[in-house]
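Trainee:
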Amino acid sequence: MPLKNELKILYITEGCRFKDFVGYLLPAFFYKLISWLPTNGFLLFGLIRFLIFLFCYSILFFLTLKNKDKFFNFISFFILSLPMTINQFSAFSYDVSHLFFGLIFLNLFFNHFYLKKISRRYLLFLGLSFFLFVFSKPLYDLFFLLFFLIDKRYFEKLKIKKEIFIIVIFIFLALLRIPSYHQTGLSLGNFDSRIQKMIFLENPWRFFSLLEKTYFDFFDDYVKSFIGVLGWLDFELDFFVYLFFLVFFGFIVGVFFKKINISKSQAFIYFFASFGTFFLILMAEFFYRTAPGASHIAGVQGRYLIILLPIFSYFLIFFIKKFSLIFFWVYIIVSYIFKYSGNFLSLF
1 MPLKNELKIL
11 YITEGCRFKD
21 FVGYLLPAFF
31 YKLISWLPTN
41 GFLLFGLIRF
51 LIFLFCYSIL
61 FFLTLKNKDK
71 FFNFISFFIL
81 SLPMTINQFS
91 AFSYDVSHLF
101 FGLIFLNLFF
111 NHFYLKKISR
121 RYLLFLGLSF
131 FLFVFSKPLY
141 DLFFLLFFLI
151 DKRYFEKLKI
161 KKEIFIIVIF
171 IFLALLRIPS
181 YHQTGLSLGN
191 FDSRIQKMIF
201 LENPWRFFSL
211 LEKTYFDFFD
221 DYVKSFIGVL
231 GWLDFELDFF
241 VYLFFLVFFG
251 FIVGVFFKKI
261 NISKSQAFIY
271 FFASFGTFFL
281 ILMAEFFYRT
291 APGASHIAGV
301 QGRYLIILLP
311 IFSYFLIFFI
321 KKFSLIFFWV
331 YIIVSYIFKY
341 SGNFLSLF
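As numbered in my numbering, residues 1 to 348 make up the sequence shown, in order.
#1: Which partner residues does E236 have in the DSSP bridge list?
#2: For P27, report the span of its alpha helix (DSSP H) as first-last.
#3: Excluding the 5 residues flanking G185 on each side, which residues of the same chain have their C-beta closer than 6 Å to its C-beta?
#4: Are there three or more Cβ pairs, one per stretch, closer than 8 Å when the region 46-60 is compared with the region 88-101?
#5: Whether or not the region 300-319 and the region 62-78 are in contact is what I'm after, with contact meaning three or more pairs of Cβ atoms, one per stretch, closer than 8 Å; do they touch?
#6: With 16 other CB atoms within 10 Å as the buried threshold, where does N261 fall?
#7: Of the choices F130, Q266, F239, whose alpha-carbon is the least far from that of D220?
#8: Let's test the definition: count the other Cβ atoms within 10 Å of the Cβ of D217 and tell me whether it reaches 16, buried, or not, exposed.
#9: Mind reading off the beta-carbon distance from F257 to I320? Whole number of angstroms is fine, and I expect it under 8 Å.
#10: Sorted by chain position, which residues of the same chain lie with C-beta nearer than 6 Å to Y215's C-beta, five sequence neighbours on each side aside?
#11: Would you identify the three-state DSSP class for S295, choosing helix, strand or coil?
#12: Below 8 Å, how does it come out for the region 130-143 and the region 275-288: are there three or more Cβ pairs, yes or no?
#13: Quick one: measure Cβ to Cβ for F109 and A273, integer angstroms, because I've assumed they're closer than 8 Å.
#14: With a CB to CB cut of under 6 Å and the five nearest residues on each side skipped, what residues in its chain are close to C56?
#15: Determine whether the beta carbon atoms of Y270 and F315 lie at a separation below 8 Å.
#16: Would you mind sorting V255 into buried or exposed? The rule is 16 or more other CB atoms within 10 Å of its CB.
#17: Return the chain-ordered list of same chain residues with a C-beta closer than 8 Å to the C-beta of I150, the five sequence neighbours on each side being excluded.
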């Protein structure tokens, strides 16, 4: 079978069987756009990936440059410069749409604080990007709904009480989401999720013990796969690549933490949106990807958390202001001295 047809079968029709079909809009669109070209499948595959990357980065760079929130600008450029992000946007995967629509939503969201008025058109784009984001990949919708509680101007424009708005949207998402979870990427594991559910119901505390062990034992791997590995393979990049991006992130936070004002209610929502979503991801991987009796939760990758970095960064600034910047830097330096001292000393 020609590779061009294999591409169509393996990545387009196979991908669109998911209920989260939005995730495959970009690959499917660019495949249909240039599939008529008289070229072999290998060149077609590479050209599609290049066009997806060029299209997404052009729009995201434009939105980032237009954003009036300077801190978000730097965080957004930081995300776009990560090796893992570059790899994601040049891949034939639903993660492309997930990151693309997610970053558009966050761009519009953080920019709106600097607008004197929020037009209906702006609110429409904000809502549309939110729905495209949450329907490109599961588990990111529940806590991200809390974003609409931050600014009352949303509801003044819609002339609706925020409580009613959130309830209606939550019910709408639940009706679309819950019946379809068994058909999403969550069901691709090799284990019967019913066994894990029985284990959880018999002893819920064992799950939280497993959660704690997984987080502390694999934190190092999450950071590395967040910044980048060789594609989706488990081959690490050079130590100084990770060190550069960690120092770069610390520098951005250090420069802006005095200039950003975040209320307690905002910090509360950012905390729940970032840590709550991470918790849901771990739970899903426990039920659908982890073998019964395993010592750790399997399947979690750092790239799942890229979209959570902006909101975590705002919460981190609030935390640093409340406690101290010194605590933050001491924690970072001491942690990585202990974790990488062997790697660093081996260079000498």
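Where a beta carbon is used, it is the ideal one built from N, C-alpha and C, also for glycine.
Mentor: Reading off the structure:
#1: In the sequence shown, the residue the question calls residue 236 occupies position 236. In the DSSP assignment, the residues bridged to E236 are V229.
#2: The residue given as residue 27 occupies position 27 in the sequence shown. Counting along the chain, the alpha helix (DSSP H) containing P27 begins and ends at 25-34.
#3: For the purposes of this step, residue 185 is identified with residue 185 of the sequence shown, where counting begins at 1. Any reading at G185 must be qualified, since the residue scores a pLDDT of 41, below 50, and its modelled position is unreliable; the value itself is stated next. Contacts found: none.
#4: The region 46-60 vs the region 88-101: in contact.
#5: Contact between the region 62-78 and the region 300-319 is present, because at least three Cβ pairs lie under 8 Å.
#6: Taking the sequence shown and counting its residues from 1, the one referred to as residue 261 is at position 261. Burial call: exposed.
#7: Here residue 220 refers to the residue found at position 220 of the sequence shown. Of the listed residues, the one whose Cα sits closest to D220 is F239.
#8: Here the question's residue 217 lines up with position 217 in the sequence shown. By the Cβ neighbour-count rule, D217 is exposed, with fewer than 16 other Cβ atoms within 10 Å of its own.
#9: Stepping through the sequence shown from its first residue, residue 257 is reached at position 257. Stepping through the sequence shown from its first residue, residue 320 is reached at position 320. In this structure, F257 and I320 form a Cβ contact; the two beta carbons are roughly 5 Å apart against a cut-off of 8 Å.
#10: Numbered from its first residue, the sequence shown carries residue 215 at position 215. Leaving aside the five residues that flank Y215 on each side, none in its chain has a CB nearer than 6 Å to its CB.
#11: As a first step, residue 295 must be located in the sequence shown, where it is residue number 295. Reduced to three states, the DSSP call for S295 is coil.
#12: Taking 8 Å as the limit for Cβ pairs, the verdict is that the region 275-288 does touch the region 130-143.
#13: As a working mapping, residue 109 is identified with position 109 in the sequence shown. As a working mapping, residue 273 is identified with position 273 in the sequence shown. A Cβ-Cβ separation of about 11 Å leaves F109 out of contact with A273 under the 8 Å criterion.
#14: The residue given as residue 56 occupies position 56 in the sequence shown. In chain order, F89, F100 place their CB closer than 6 Å to the CB of C56, counting only its own chain and leaving out the 5 sequence neighbours on each side.
#15: For the purposes of this step, residue 270 is taken as residue 270 along the sequence shown, with counting starting at 1. For the purposes of this step, residue 315 is taken as residue 315 along the sequence shown, with counting starting at 1. Between Y270 and F315, the C-beta spacing is below 8 Å.
#16: Locating residue 255 in the sequence shown gives position 255, where the first residue counts as 1. V255 should be labelled exposed.
#17: As a position in the sequence shown, residue 150 is number 150, starting the count at 1. Residues S265, Q266, I269 of the same chain have their beta carbon placed closer than 8 Å to that of I150, with the five preceding and five following residues left out of the count.
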